[in-house]
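Number of protein chains: 2
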Amino acid sequence: MENIHISRIEALRRRMAAEGIDAVIIPQADPHMSEYIAARWQARRWFSGFTGSAGDLVVTLSDALLWTDSRYFIQAAEQLAGSGITLMKDGLASTPSIPEYLLAHPGKNRTVALDAMLFSINAVDALSDALAAEGISLRTDFDAAEGLWTDRPGLPDAPLFIHKEEYAGESASAKLEAMRREAREARADAILFSALDEVAWLLNIRSSDVRYNPVAIGYLYVDAAPGGRARVFVSPAKLTPEVEEYLASQGVDVSPYDTLPDFLSRLPETSRVMVEAARTSGAVRDILGARAILAAKSPAAMPKACKNEIQLEGVRRAMIRDGVAMCRSLMEIEDRMAAGILTTEIDVDSILRRHRSLSPAFFEESFGTIAGYGPHGAIVHYEADEKSNAVLEPRGLLLIDSGAQYPDATTDLTRTICLGTPTPQERRDFTLVMKGHIALARMIFPDDTRGAQLDAIARQFLWREGLSYLHGTGHGVGQFLCCHEGPQSIRLNYVDTPLRPGMIISNEPGLYREGVHGIRCENLVLCTPAMTTEFGRFLRFETLTLCPFEPALFDTKIMTDDEIDWLNRYQARVRELLTPELDHATAAWLAEKTKPLSR
Amino acid sequence: MENIHISRIEALRRRMAAEGIDAVIIPQADPHMSEYIAARWQARRWFSGFTGSAGDLVVTLSDALLWTDSRYFIQAAEQLAGSGITLMKDGLASTPSIPEYLLAHPGKNRTVALDAMLFSINAVDALSDALAAEGISLRTDFDAAEGLWTDRPGLPDAPLFIHKEEYAGESASAKLEAMRREAREARADAILFSALDEVAWLLNIRSSDVRYNPVAIGYLYVDAAPGGRARVFVSPAKLTPEVEEYLASQGVDVSPYDTLPDFLSRLPETSRVMVEAARTSGAVRDILGARAILAAKSPAAMPKACKNEIQLEGVRRAMIRDGVAMCRSLMEIEDRMAAGILTTEIDVDSILRRHRSLSPAFFEESFGTIAGYGPHGAIVHYEADEKSNAVLEPRGLLLIDSGAQYPDATTDLTRTICLGTPTPQERRDFTLVMKGHIALARMIFPDDTRGAQLDAIARQFLWREGLSYLHGTGHGVGQFLCCHEGPQSIRLNYVDTPLRPGMIISNEPGLYREGVHGIRCENLVLCTPAMTTEFGRFLRFETLTLCPFEPALFDTKIMTDDEIDWLNRYQARVRELLTPELDHATAAWLAEKTKPLSR
Chain A
11 MENIHISRIE ALRRRMAAEG IDAVIIPQAD PHMSEYIAAR WQARRWFSGF
61 TGSAGDLVVT LSDALLWTDS RYFIQAAEQL AGSGITLMKD GLASTPSIPE
111 YLLAHPGKNR TVALDAMLFS INAVDALSDA LAAEGISLRT DFDAAEGLWT
161 DRPGLPDAPL FIHKEEYAGE SASAKLEAMR REAREARADA ILFSALDEVA
211 WLLNIRSSDV RYNPVAIGYL YVDAAPGGRA RVFVSPAKLT PEVEEYLASQ
261 GVDVSPYDTL PDFLSRLPET SRVMVEAART SGAVRDILGA RAILAAKSPA
311 AMPKACKNEI QLEGVRRAMI RDGVAMCRSL MEIEDRMAAG ILTTEIDVDS
361 ILRRHRSLSP AFFEESFGTI AGYGPHGAIV HYEADEKSNA VLEPRGLLLI
411 DSGAQYPDAT TDLTRTICLG TPTPQERRDF TLVMKGHIAL ARMIFPDDTR
461 GAQLDAIARQ FLWREGLSYL HGTGHGVGQF LCCHEGPQSI RLNYVDTPLR
511 PGMIISNEPG LYREGVHGIR CENLVLCTPA MTTEFGRFLR FETLTLCPFE
561 PALFDTKIMT DDEIDWLNRY QARVRELLTP ELDHATAAWL AEKTKPLSR
Chain B
11 MENIHISRIE ALRRRMAAEG IDAVIIPQAD PHMSEYIAAR WQARRWFSGF
61 TGSAGDLVVT LSDALLWTDS RYFIQAAEQL AGSGITLMKD GLASTPSIPE
111 YLLAHPGKNR TVALDAMLFS INAVDALSDA LAAEGISLRT DFDAAEGLWT
161 DRPGLPDAPL FIHKEEYAGE SASAKLEAMR REAREARADA ILFSALDEVA
211 WLLNIRSSDV RYNPVAIGYL YVDAAPGGRA RVFVSPAKLT PEVEEYLASQ
261 GVDVSPYDTL PDFLSRLPET SRVMVEAART SGAVRDILGA RAILAAKSPA
311 AMPKACKNEI QLEGVRRAMI RDGVAMCRSL MEIEDRMAAG ILTTEIDVDS
361 ILRRHRSLSP AFFEESFGTI AGYGPHGAIV HYEADEKSNA VLEPRGLLLI
411 DSGAQYPDAT TDLTRTICLG TPTPQERRDF TLVMKGHIAL ARMIFPDDTR
461 GAQLDAIARQ FLWREGLSYL HGTGHGVGQF LCCHEGPQSI RLNYVDTPLR
511 PGMIISNEPG LYREGVHGIR CENLVLCTPA MTTEFGRFLR FETLTLCPFE
561 PALFDTKIMT DDEIDWLNRY QARVRELLTP ELDHATAAWL AEKTKPLSR
C-alpha cells in the first residue's frame, strides 16, 4: 500500500507546477504565532505524517524535506519512513537552514511560495530579503492545503466564557482604555492584537480552542480614540448571549473571524494601525500596507506580565490547591512503590490528573506532563508514550514536571524524587541544582535588572564543577493563560526587558546526565519590592509554589548555613499552608518530608 | 581685567557670523577617539578654561554652554566663573542633551558646525540625522581654533621606540598578516587603523605622546594583499634610524602624519577600506567616501585583548615588581602615621611614585593616582589637588587606586586601608565588597559567557543589603598600553563580547557612602581555561595582582569558609611571591599582613 503522504505531496506538486512554483514552505504555525496549534492549522502534519510540535516542511518539484530539532530526530525518522520525505536535522553544523537550502535549489522559475498567514512579519521580511538578494521571488498567498485537504477541520468553536473580574482584578474596559493611551502615545489610530493570550487578557475572556492554553482564536482591534470602541473577530459559534452582552458592556463589538481582512482593507488609507511585528502575520501587514506601524513590543506585554494584587491573591490561593494535589500524588506514588504495585510513567501522569481533578477549580493541565524516570529524566522535553513508558523501580530518580490551569492561576512546577535510597552522586547532583535554585530565590537586585544578569546566579555551583543545563533558568507565566508567557525571562541570552514587580517567573535550574538521570527543581516566584535605600529601589522574589522538596536528596555537607536555613523555612511554610487542607495521612506524610535538615 | 575666555569666544563668534554659522560644538576629543588627549587638541580648554577630562563646549552667536557630568559639577562651576559660559549638568533630567539644545535654538541660518576630525563616524551620523530631521544643516569642516589659538601646541613628537618581541610575543609582521586575512574575509582591500593603541599594538612600537598611555599619535594603513605593505602616518620628528629600519623590516612604510588625507583621497575609487565606525573620525570617512567599509568592531580588538603566553610571562613578572612597590608604599604610610609625620593625600601619590621609580622598568603611571581619604574616597574619580588635599588622621579609611606602565605590563590596583582601629561599619562595608570580589575571582563559567552575565556575582552581597556601586565591575587592560582597553568588560550593561582566554580584566567592586568613606578592592585577573567536560569548555579567572588586602578590615563572621579560604590562599601567594624580593622590614610587615584569618 502506498504511503498516503506520497500521494498528498504529489497532488501539491501538480498545483505547484500549474502555478509556476518551485518550492513551498509549510510551517508548524497558526495565524497568531501560537505555541499550541489547533487542528485546522496542522497542514504540515497532514502532508508529512510527522506529529512533533516543532518542524517545517519544504516541498519542491523533486524533493520534500522536513526540518526539526534534536528533540524529534528519532520520532521524525520513524514517522517519515516511507513518505519519501528527507529528515533535515536542525542545529547540526552540516544541516543548511531553510533559506540556505532554497538559495541552493532555486528551481527554474526561481519562485518560492508560502502562506503569509502563518509567518510573522519579521519572518516573512527576513526570508524575502534573503531570497531577493539572489533573485528568487517569494509568493506569500499560497495555502498549500487548499483544495487537497478536503476533510480539514474548521475553526475551533469552543464557547467563550468570562474571566471574572474577581480573578482578573481589572475590567476589560479599563485595560482597553490603557491600550488606547499607548496607541495615541505612538501616534497610532488603532492597535490590532493578534496574539491569542493578549486578546484573552485584554477582554477578560477565555475559551478552550487549543489544549493547555485557555484562549480563543481571534483578533482584537482597538480604536485609539479616548472612550473609543473595540472589535473582536471570533467565530460566531463561540458566542453565548451572556458573553455578547458582557462584551457590549465593555465597549466591544463582535465580527466573524474571517471578516478581518475585509475590515482592515476598508480602513481609510490615512489610518495608522499599530501591530507587533513578531506576533502579527505577514498577511495582516500586507492588507494594512502603509497603514501598519510595526512595534517591537506589544503595549499589552508589560501590563499583562505585571499581575495586580487581586490576581496575586488568586495565584496564592491556587498554589495551596495545587500543592495539596501534588502532595497527595507524591504520597500515592510512594505508597504504590512500597506496596509493590506496578507503576509506570504514564500512571504518574494519571495520578497527578486524578488528584488535581478532585478540585472543582481544575480546568485542564497547563502543558503535557513530563514524568521521566531514570535516563528518561535526561530528555528535557520527554513525554511518555505507550512505547517508551517505563516501569518505576525502587531506585533512581524520577523527574515530574507538571502544571494546571485554574481560573485564578496557571501553575508549573517540577520535583525530582528518589524511588530508593539515593546514591552519593544523585544527592550531590541534586544539591548542586538546589544551591542554584536557592541562590536565585534569595536574590535581591535593583530595579531595572534584566533576567540575563541573574541567570549565572542559578548556574554558578554547576559551572564550578564543569556542569550546566541548556535551557533557560526562568520563563514568565500567565494567569489562567499561557504557561510560557513573555516578555520577561531569566536566561543566558540577553533580553532587554526589566524584571518588574508583579511578574511571575519560573526558577528552574536542572542537570541532565545522558543515559543516567535528569534533575530539575522548579518553583514559580513573584517579583516584588524588597526595599528602597539611598541606592534606589530593590526587588526580590517571593516563592509562590508550595510543594516539599525531597529531603533525602540533600547533601547538607555541601550547603551553607544560609542555604539550609532557606530550605528549612521553605519546607516549614509549605507545611504550615498546606496542612490545614490535608487529610490526616497526607499531613503526616508532609510533616515527615518537611522536617528541618541540619549538617 | 576681562576674563580671557570671553574675548576668545567673541573672536570665535566673529568667524561664525562671517561664515553664517549659528552654533559650534567644541568637544574634548582628538582625531583618534582617545581617552587621554594631547595638548594640541585641548581647544575646549583653551576656549573655556575648564580643565576636566570630559565635557563639550557649545558656542552660539549669543550663548556659550559647557556640558559635563557630575564628577565635574563643582570644578566646572569654579573654572567657568566670570567666563560667561553656562554650566549644563549632564545626566540631570532637567538638562537637555546637546542635540536637544541645538534643535531648540536653530538660529537664523539653521547651521551647526564642528570639526569632523574630532567626532567618530557614528557620532557625526547620529548628530547629522537628528539635526537634518528638523532642517538644520551640519557643517563638518570647521576647526574652531583656527586662526585664533596662535600659540597652539604642535603635534606631539616624542620619539618612537620598539616594544620588543620578548614582551610582545609576536612580531608586527605576523600581526599585520593576520589583519590582512581579516580584511580579505570582509572583502576589503585594506584596513585603516585610527585607534592609537591598535596602531601601537600592531606595530610593536610605543611612544609618550600623551600621559599615562604610551602611544604614538598616528594612523596605520594595511594593504590586504597577502604579504602586502603597510604604511604608518606619524610625525617625522618621532623617527629614529633604528625605528625606521625596524619598521622597514616589518614591511611598514612611513609617511608624515598630515599626509593621510592626501593619501586616502588618491586611493582608486574602487578600493574598499575597512574602518571601525566608533573609533574612526567622520573626517576620514568623508575622504574615503564610498570606499569606506564600516566595521562594528576592529579586527585588532580581539587579538589585542587576548594576550599570548609571552605577554603573560611579562605581566606576571611585572606584578611582582609592582607588588613590591605597593608593599613598601603601604608600609611607609603606616610608619609615617605611627611616627606622627604629617602625611597628605598628595604625599601618598608621591610615596607610590617614589617606590615604583626604584625599579628601572618603571615607565610612568598608567593613570592619575586616586588617594581618597574619608569622604574623599566616596568621590569615585577623585584626584587630590592643592586645595582639596586632606591630611591623614589615625582613623577612617583611605582608598588608593593606582597603576604603572612597565615594558612588560600595565598595572591597575586599588587597596582600601584603615588608618586606625576600624569601626564595625567600616569592617562590614569592606567585607561585603570583598565577598563580591572573591565570588567573582572564584567564578568558573562556560566559554562564550559575556561580562554582563557575571556582573551580579560581584554585586549580590551588596544588593542583598540595598547597597550598590554605579561603576562597572571590570574593564579590560592592555600590555604596556591603555589601562582601559576594550572590547571586554564586566558591567551591568550588556556588551556582546565573550570573555576569552588571555583577556586581562579588572575585578573591582566598591561601595561609596557619600560624606563618609569609599571602598574599592581591585585586582587584575586573567581569563584562562578551567576544564573541558561533556558540557563544553569552562573558563576561570587567575588573579594576577599581588598585594595584600588589609586584614583588620575583614569581618570573618559574615564570610563563608570558602571565602576565608580563598583570602588566606591569596594572601599566602602574595607573601610567597613577594618575600624573596623584599628587604627584611618589608618582609616582616608583609608576613604580619598575610597571617591566615579564621572565624
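Those sequence lines, one after another, are chains A and B.
If you're matching positions, the first sequence starts at 11 in this note's numbering and goes up one per residue.
If you're matching positions, the second sequence starts at 11 in this note's numbering and goes up one per residue.
C-beta atoms are modelled at their ideal positions from N, C-alpha and C, and glycine is treated no differently.
query	result
Of the listed residues B:E591, B:C493, B:P271, B:Y383, nearest to A315 (chain B) (C-alpha basis)	B:C493
E144 (chain A) classed as buried or exposed, judged by whether at least 16 other C-beta atoms fall within 10 angstroms	exposed
Beta carbon of D296 (chain B) nearer than 8 Å to that of A140 (chain B)	no
Selection of the region 485-513 of chain A by Cβ proximity to chain B, strictly under 9 Å	L502, Y504, D506
Chain B contacts made by the region 456-467 of chain A, where a contact means CB separation under 9 Å	P456, D458, T459, R460, A462, Q463, L464, D465, A466, I467
Cα-Cα separation between L472 (chain A) and Y580 (chain A), rounded to whole angstroms	22 Å
Interfacial residues, the region 385-409 of chain B to chain A, with Cβ spacing under 7 Å	none
Cβ shell of R239 (chain A) (< 8 Å), same chain only, five flanking positions each side left out	D233, G261, V262, D263
Nearest neighbour of L274 (chain B), chosen from B:L257, B:R331, B:R301 [CA to CA]	B:R301
Residues bridged to F455 (chain A) (per DSSP)	A:L549
Expected contact under 8 Å - CB spacing of S58 (chain B) and L97 (chain B) to nearest Å	Not quite, the Cβ-Cβ distance comes to about 10 Å (not below 8 Å), so this is no contact.
With 16 other Cβ atoms within 10 Å as the buried cut-off, status of S412 (chain B)	buried
Neighbouring residues, chain B, relative to G476 (chain A) (Cβ below 7 Å)	M541, T543, F545, F548
Straight-line Cα distance separating R510 (chain A) from W211 (chain B)	45 Å
Status (buried if at least 16 other CB within 10 Å, exposed otherwise) for A305 (chain B)	buried
Residue-level contact to chain B via CB, T570 (chain A), 8 Å cutoff	yes
Cut-off 8 Å between Cβ atoms - residues of its own chain near W51 (chain A), not counting five sequence neighbours on either side	A39, D40, P41, L128
Close beta carbons around L270 (chain A), own chain, < 6 Å, minus the five adjacent residues each side	Y229, F243
Neighbour list for W473 (chain A) in chain B, Cβ cutoff strictly below 8 Å	M453, I454, F455, P456, F548
Contact with chain A by G470 (chain B), beta-carbon distance below 8 Å	Per the sequence shown, the amino acid found at residue 470 (chain B) is Gln instead of Gly. Answer yes: the Cβ-Cβ gap between Q470 (chain B) and chain A drops below 8 Å somewhere.
D219 (chain A) to T441 (chain B) span [Cα, whole Å]	57 Å
Span of the alpha helix (DSSP H), counted from its first residue to its last, around W631 (chain A)	An answer regarding residue 631 (chain A) cannot be provided, because it is not within the stretch 11 to 609 covered by chain A.
Boundaries of the beta strand (DSSP E) in which G482 (chain A) is found, first to last residue	Segment: none, G482 (chain A) is in no beta strand (DSSP E) and carries neither H nor E.
With 16 other Cβ atoms within 10 Å as the buried cut-off, status of L521 (chain B)	buried
D161 (chain B) to S93 (chain B) span [Cα, whole Å]	20 Å
Rounded straight-line distance, which links the Cα of S80 (chain B) to that of A87 (chain B)	11 Å
Length at least 3, wholly inside the region 141-220 of chain A: the beta strand (DSSP E) runs in chain order	147-149, 200-203
Coarse secondary structure for D395 (chain B), derived from DSSP in three states	coil
Where V225 (chain A) sits in the DSSP three-state scheme	coil
Contacting residues, own chain, Cβ-Cβ under 6 Å from I454 (chain B) (five flanking each side not counted)	A540, F548, R550
Extent of the continuous alpha helix (DSSP H) run through Q85 (chain B)	83-90
Beta carbon of I108 (chain B) nearer than 8 Å to that of V68 (chain B)	yes
Unbroken stretches of the beta strand (DSSP E), 3 residues or longer, contained in the region 489-573 of chain A	495-500, 514-517, 520-523, 527-530, 533-543, 546-553
Neighbourhood of A388 (chain B) by C-beta distance below 8 Å, restricted to the same chain and skipping five residues each side	G382, Y522, R523, E524, G525, V526, H527, G528
Endpoints, alpha helix (DSSP H) assigned at R346 (chain A)	319-349
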